[in-house]
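This report concerns only the one structure given below.
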Amino acid sequence: MTNFDPSTLTLEQKASLLSGRDFWSTKSVEDEGIPSIVLTDGPHGVRLQEGEADHLGINESVPATCFPPAVAVGSSWDPEVAQEVGAAVGREARALGVSVLLGPGVNIKRSPLCGRNFEYYSEDPLLSGALGAAHVRGQQGAGVGASVKHFAANNQETERMRVSADVDDRTLREIYLPAFERIVTEANPATVMCSYNKINGVYSSENRWLLTDLLRGEWGFAGAVVSDWGAVSDRVAALAAGLDLEMPGSGGGTDQQIIDAVRSGALDETVVDEAVRRVVALTALAPKNDHTFDADAHHALARRLATESAVLLKNDAGVLPLEGVGATIAVLGEFAEKPRFQGGGSSHIRPTRVDVPLDAIKAHAQARNIEVVYAPGFSIDDRGDQDALRAEAAKAAAGADVTVIFAGLGEKDESEGFDRSDIALPAAQVALIREVAQVAPRTVVVLSNGGVVSLEGWHDDVDAILEGFLLGQAGGTALADILFGIAEPGGRLAETIPLRLQDVPSYLNFPGEQGHVRYGEGVMVGYRGYSTVGTDVRYPFGHGLGYTTFDSRDFSAEITGDDTARVTVTVTNTGSRAGKHVVQIYVATQAGPVRRPARELRAFKKVALEAGESRVVELSLHRRSFAYWDVELQRWVVAPGEYRVQLGQDAATVLAEVAVQIVGDVIIPELSFDSTVGDWFAHPIAGPALMQGMTAAMSEEQRAQAADQQEQLRMVESMPMKQFLGFLGGAIPIEALEQLIEASKAPRTVG
Ligand code: BGC
396 MTNFDPSTLT LEQKASLLSG RDFWSTKSVE DEGIPSIVLT DGPHGVRLQE GEADHLGINE
456 SVPATCFPPA VAVGSSWDPE VAQEVGAAVG REARALGVSV LLGPGVNIKR SPLCGRNFEY
516 YSEDPLLSGA LGAAHVRGQQ GAGVGASVKH FAANNQETER MRVSADVDDR TLREIYLPAF
576 ERIVTEANPA TVMCSYNKIN GVYSSENRWL LTDLLRGEWG FAGAVVSDWG AVSDRVAALA
636 AGLDLEMPGS GGGTDQQIID AVRSGALDET VVDEAVRRVV ALTALAPKND HTFDADAHHA
696 LARRLATESA VLLKNDAGVL PLEGVGATIA VLGEFAEKPR FQGGGSSHIR PTRVDVPLDA
756 IKAHAQARNI EVVYAPGFSI DDRGDQDALR AEAAKAAAGA DVTVIFAGLG EKDESEGFDR
816 SDIALPAAQV ALIREVAQVA PRTVVVLSNG GVVSLEGWHD DVDAILEGFL LGQAGGTALA
876 DILFGIAEPG GRLAETIPLR LQDVPSYLNF PGEQGHVRYG EGVMVGYRGY STVGTDVRYP
936 FGHGLGYTTF DSRDFSAEIT GDDTARVTVT VTNTGSRAGK HVVQIYVATQ AGPVRRPARE
996 LRAFKKVALE AGESRVVELS LHRRSFAYWD VELQRWVVAP GEYRVQLGQD AATVLAEVAV
1056 QIVGDVIIPE LSFDSTVGDW FAHPIAGPAL MQGMTAAMSE EQRAQAADQQ EQLRMVESMP
1116 MKQFLGFLGG AIPIEALEQL IEASKAPRTV G
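The numbers in the working numbering rise by one with no breaks, and the one at position 718 of the sequence shown is 1113.
What follows is the structure, given as structure tokens:
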């Protein structure tokens, strides 16, 4: 029902449409033919609860495919993977009668400690936005609305319902908003979900600038804004700010507040009408019950997508894939039997089935006449005698040709709702890895974790590390496929693995205190911070190995006009197997008045190449690739100057670079008596005029003196003109300066 006319409804009916009927559905108005629709979680599977709904996941949901969560999709660096996940969850949602599936989550991973990082894509906004937009396209293409969340600056779980994220404008615009902006402007999501937290002291749910001026005004969002579940603090203020649908329902209490506010004149009824129109438009997504889904096909899809996402961090002497490894493989670690493949909280899916890595390894090994011995080595829940478990495992490892240890974080270690306090692997697992690496001829570690874990204390002891993150219900077979070389490890890191937690740029300001979290590192989030400061990391953003090798040549970048550039590079698969390579393009510059990160990801493309195949890959850089957010002008500005376009192996390794000159925006600042002497002299109109006037007013002797006093002049450069005039004792007539101030006003910006 688009273009619905709310005037046919009573005020009571209108208000009733603006909050849920219960936990997961909206209210209907039968007489007007307005149906109720179901909104439920998302994002990497459908969590449809039967019977009494509850928020905490205590109540089981109906079986659905658990696809790789966002942490895995982020590592795929492949919008097609995100789109396939979106399309598949869309098909399942539609078959299950769901109209809006709540996702994707595109908050930036500001700290590895955030308990919900498994549900987010990356520390980088470009990667997050590209993947989020693809997910929305896929899901909405299947006829199910998306809800991009959590808008905005919800980058931690600690105090998430009331903390104020104190973020400056530039940081918001450059880091925390672009993923939302791209999805809204490119993929038209049906809804945007506002976050629980406050931004600079104002609840997102009551933030008119965020929900109306920016989202609708600047970005042209036409859908409905939905509250995160329970994020509304003042219903009337939220409605006035642009929040259309409050979820879950409040039993009618807040509907009455809306009615009262309209009756008392505190709220304009047209605001209610607008919100009603948007909510009613959502009911066009009401299910037609015309779909089923193929659980087997979706499981197979989940398996393929998982292989695209696992990241091979280290592979000394080509220990992986396990080809011709010998007669015996020892598999250790309880995660091999009890896989961890998704995170806890509102996105927890009841899978249709679960692939167990140990079973999959045994199947592949059997086909190759390899014997598999298994020992748990530790218990995920710290039960039992860990020393005895470790001793048993070490014995198995000593007798095997290669040992594969499944390590990671348990459900109790990370979840929605709380943040971690460190990034270490549990001590029993570190002890196991170290001990086994001493006795095993070759050691491979496979990791399952939603948030980044430290590899320190054991990294150098082992031969290979396969970081699976959380891979969804088919992760077990996907990992076995990769270990045996049946599939390539397709992932690259979408977040940095630091050496120490203390190195993380947000370390001193996470998770905040006394109700506030100050985003003190500004735009220097993740690799932007490490590469600018020069901090060593264990593995940089963008890192990941495959089973083949690639060569990149003929890198070129040329300006194509209007602050855009075309980048080309020839990529060759120089190995003997097919594989995938991610072309990563970064831009580096010092141009402009603000501190720029050492480099920023501005374009990427994943390419699949057969052994020996070569391809010319072309990417475009747009105006925004070179821009920064100017807080004085409140707009994107491309500063004139030199920009280095870099081909990165990852965020820390530049393979080639090309310098380009960009004309950019010529900003002619407005002057005032508060502008500094330096600003005045540097001004393209006022500067020369001032210089001329001063020189003309000087005697020969004064001119000679001034020429000798260049260094003293530097001292006064930062002095506001108003104070400087006082020192000059009337040498420059005020009227002349006033005229120059007028002249500096037009035109302000050119270009
Ligand atoms: C979460 C959302 C989720 C909603 C509904 C909230 O607590 O933050 O991501 O969609 O609950 O379960």
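Glycine residues also receive a C-beta, built at the ideal position from the N, C-alpha and C atoms.
Note that the coordinates shown come from a computational prediction; the quantities given were computed from them, not determined experimentally.
- In the three-state DSSP reduction, Ile-756 falls in the helix class (H, G or I).
- Looking at the backbone, the Cα of Arg-778 and that of Arg-785 are separated by about 13 Å.
- Taking 7 Å as the cut-off, the C-beta of Ser-741 counts as close to a heavy atom of the ligand BGC.
- Taking a C-beta distance under 8 Å as the contact criterion, Ala-802 and Ala-725 do not qualify as a contact pair.
- When the beta-carbon positions are compared, Val-1012 and Val-978 come within less than 8 Å of each other.
- Within the same chain, Pro-401 come within 6 Å of Asp-668 by CB-CB distance, once the 5 residues on both sides are set aside.
- Proximity of the beta carbon of Leu-894 to the ligand BGC is not indicated: no heavy atom of the ligand is located closer than 7 Å.
- Out of Ala-873, Asp-858, Ala-859, the CA that lies nearest to the CA of Leu-865 is found in Ala-873.
- In this structure, the ligand BGC has no non-hydrogen atom nearer than 7 Å to the beta-carbon of Lys-422.
- If you check the C-beta of Trp-624 against the ligand BGC, you find a heavy atom less than 7 Å away.
- Residue Val-675 holds the alpha-carbon nearest to the alpha-carbon of Thr-403 among Lys-544, Val-675, Gly-536.
- Under the DSSP assignment, Glu-664 falls in the alpha helix (DSSP H) whose first and last residues are 664 to 677.
- Between Gly-907 and Arg-913, the C-beta gap is smaller than 8 Å, which places the two residues in contact.
- Set against 7 Å, the gap from the CB of Gly-937 to the closest heavy atom of the ligand BGC is not smaller.
- With a cutoff of 8 Å on beta-carbon distance, Leu-572 and Leu-996 are scored as not near each other.
- Between Thr-984 and Tyr-1038, the beta carbon gap of about 4 Å places them in contact (Cβ cut-off 8 Å).
- Straight-line measurement puts the Cα of Glu-916 at about 32 Å from the Cα of Glu-703.
- In the three-state reduction of the DSSP assignment, Gln-979 falls in the strand class.
- If you ignore the 5 residues before and after Ala-1022, its C-beta comes within less than 7 Å of the C-beta of Trp-1031, Val-1032, Val-1033, all in its own chain and listed in chain order.
- A distance below 7 Å between beta-carbons, with the five flanking residues on each side excluded, links Ala-1131 to the following residues of its chain, in chain order: Gly-1088.
- Straight across, the Cα-Cα distance linking Gln-551 with Pro-499 is about 17 Å.
- For His-545, no alpha helix (DSSP H) encloses it; the enclosing beta strand (DSSP E) starts and ends at 540 to 546.
- Buried is the label assigned to Glu-487, since at least 16 other Cβ atoms lie within 10 Å of its Cβ.
- Lys-593 has its Cβ no nearer than 7 Å to any heavy atom of the ligand BGC.
- With a cutoff of 8 Å on beta-carbon distance, Phe-462 and Ala-483 are scored as near each other.
- Proximity of the segment 730 to 742 to the segment 795 to 814 meets the contact definition, three or more beta-carbon pairs being nearer than 8 Å.
- Annotated three-state conformation of Gly-536 is helix, per DSSP.
- For Gln-1044, the enclosing beta strand (DSSP E) has its first and last residue at 1036 to 1045.
- In the DSSP assignment, Thr-967 falls outside any alpha helix (DSSP H) and within the unbroken beta strand (DSSP E) covering 959 to 968.
- Short note on Asp-856: C-beta not closer than 7 Å to any heavy atom of the ligand BGC.
- For Glu-1095, the enclosing alpha helix (DSSP H) begins and ends at 1095 to 1103.
- Of the heavy atoms belonging to the ligand BGC, none sits nearer than 7 Å to the Cβ of Asp-417.
- The continuous alpha helix (DSSP H) containing Phe-1122 extends over residues 1116 to 1123.
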